[in-house]
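Taking full-length UniProt numbering, the leading residue of the sequence shown gets 1, the next gets one more, and so forth.
All residues carry an ideal CB built from backbone N, CA and C; glycine is no exception.
Here is the structure we will look at.
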Amino acid sequence: MKNSTSTKATKFDLRNIKSVPIRTFWITSLAFFLCFFAWFGVVPFMPDVVRDLGMTPGQKWNSVVLAVTGTVFARLLIGKLCDKYGPRLCYTWLLVLGAIPVILTGFVQTPFQFLLCRLLTGFIGASFVITQVHTSLMFSTNVVGTANATSAGWGNLGGGANRLGMPIIAAIVIGFGAAETEAWRYSLIVAGILCFTMGVVYYFFTQDTPEGNFKDLAETGDVPKIKKDQEGFLTAIKDYRVWILFVVYAACFGIELTVYGTMDDYLQNTFQLERITAGNIVLSFALMNIFARTLGGFFGDRFGKSRGLKGRVVFLSFIMVVQGVMLASFSSISTIYLAFGFLILFSLSVQMAEGATFSVVPFINKKAIGSISGIVGAGGNVGAFLAAMLLKFKSAASERAAIAATEGLGEEAIRSAQAAAASQAVSEGYLLIGLIVVTTGIVALGIRFSVKDEKIAQEELQESYGNTAPANA
1 MKNSTSTKAT KFDLRNIKSV PIRTFWITSL AFFLCFFAWF GVVPFMPDVV
51 RDLGMTPGQK WNSVVLAVTG TVFARLLIGK LCDKYGPRLC YTWLLVLGAI
101 PVILTGFVQT PFQFLLCRLL TGFIGASFVI TQVHTSLMFS TNVVGTANAT
151 SAGWGNLGGG ANRLGMPIIA AIVIGFGAAE TEAWRYSLIV AGILCFTMGV
201 VYYFFTQDTP EGNFKDLAET GDVPKIKKDQ EGFLTAIKDY RVWILFVVYA
251 ACFGIELTVY GTMDDYLQNT FQLERITAGN IVLSFALMNI FARTLGGFFG
301 DRFGKSRGLK GRVVFLSFIM VVQGVMLASF SSISTIYLAF GFLILFSLSV
351 QMAEGATFSV VPFINKKAIG SISGIVGAGG NVGAFLAAML LKFKSAASER
401 AAIAATEGLG EEAIRSAQAA AASQAVSEGY LLIGLIVVTT GIVALGIRFS
451 VKDEKIAQEE LQESYGNTAP ANA
């Protein structure tokens, strides 16, 4: 693209809706929110789904794995497609096609049909990658980290907001005469329709870059022919820095997903909290996305301003180490108030680490932002899968040992022993994961930039601050 820096937004003024980058920010964040809302929309209804479809515990677990599996492949693919066709068309088709399995979930009659829909629904998790690509194309060097982090954080809220939103939708459809046993089905259909509608909005109210759409710019010679995308993708997968960021994102976003999914039971088993109390604590954990990711991107930009690209990496390494220490410390605490404090600090640091990761991503290779975002984004889901398997393995082993130790005792004693064993297993798992995260934070320091990269970034930064009144800022 020609002169793309000069027309990118140099200020993160969310009130300036007339600005193309700001309008795009709002629309892409809302699209991301709705995708996550629909992706995890079935979670509050899982007891109803299991009962309605007659699912076994194994099938229930498989539904979780399949939803994540679909996302891994979709994120790897969608980044390359964004580089080739632009984020506008990619998001439009993802929303329109992704709405189909969400809607069809409301019509399933067997566990197999449900599992297939969960696999296909997982593809809308690729929305994260498109949002990061689109904001990277719209915002200048001095604020791109903040913009990426904020859009990601607000979009991720959809994964927690469904705990309140989906039951509200269910209550509304029941009020219109639907049977309570069918409410979960109607709620998912509504979520799918919202995604489909958002796809139409995305097509008509956004564009790929501040200057216009990829296709139109290519016709005027402002965008190189897409053959460079193929080279960019091959270059991306050969760049060791991309794979370090893959591991880093696995160790922050992947761990956040795992902790978010296991914390309810852990709080109940370890601190004897009521389910609703534990659920509210976990919900507050998710709601920190409103500001925590933004802080990570903001400090990434600040360190980038004062210390160059190396400064962004140093801050990422630091916040990853803090995240690991907080989780490891939390795992060994038996007092609820102290544990809650460390949980909040872990939540803050893990989400800041996610924001800091994508304050580095746009500078690895500007010709393959989509491909790199896709690879790094897929790392988050791979990390979630591996961490969940670790905790499942440790929990299963502890449960077998507890059953053997309580053989011949009453049912209540067996349940109590199993709960204690599960708590201990997850605690040990959290400790191990925390140590792995600390190690990953140190490894992140291996990300290096050339003198040329630093010089280009510095020139772009000076231009961003010098351009006080850009056309689309």
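At a Cβ-Cβ threshold of 7 Å, residue 75 and residue 378 count as neighbours. Between the alpha carbons of residue 36 and residue 462 lies a distance of about 37 Å. The criterion of a C-beta distance shorter than 7 Å is satisfied by residue 249 and residue 357. Partner residues in the beta bridge of residue 139, as assigned by DSSP, are 9. Contact between residue 254 and residue 434 fails: their C-beta atoms lie close to 13 Å from each other, not under 8 Å.
Restricted to the segment 132-181, the alpha helix (DSSP H) segments that are unbroken, complete and at least 4 residues in length are 144-156, 158-175, listed in chain order. The beta carbon of residue 427 lies closer than 6 Å to those of 331 in the same chain, with the five residues before and after it left out. Residue 321 is positioned such that its CB atom lies closer than 7 Å to that of residue 441. Judged by their CB atoms, residue 258 and residue 384 are nearer to each other than the 7 Å cut-off. Boundaries of the alpha helix (DSSP H) around residue 215: 214-219. Here residue 71 is actually not in contact with residue 188; their C-beta atoms are around 18 Å apart, not less than 8 Å. The beta carbon of residue 173 sits closer than 7 Å to those of 183, 186, 187, all from its chain and outside the five residues before and after it, given in chain order. An exposed status is given to residue 448, since fewer than 16 other beta-carbon atoms sit within 10 Å of its beta-carbon. Fewer than three pairs of CB atoms, one per stretch, sit closer than 8 Å, so the segment 20-27 makes no contact with the segment 78-85.
Listed in chain order, the non-local C-beta contacts of residue 457 below 7 Å within the same chain comprise 141, 308, 309, 363, local neighbours out to five positions each way being set aside. For residue 269, the enclosing alpha helix (DSSP H) starts and ends at 240-271.
The Cβ-Cβ distance between residue 167 and residue 44 falls below 7 Å.
Here the alpha carbon of residue 123 sits roughly 9 Å from the alpha carbon of residue 68. Distance from the Cα of residue 360 is smallest, within the candidate group 159, 439, 243, 171, for 243.
Membership of residue 289 in any alpha helix (DSSP H) is not indicated, and neither H nor E is assigned to it by DSSP.
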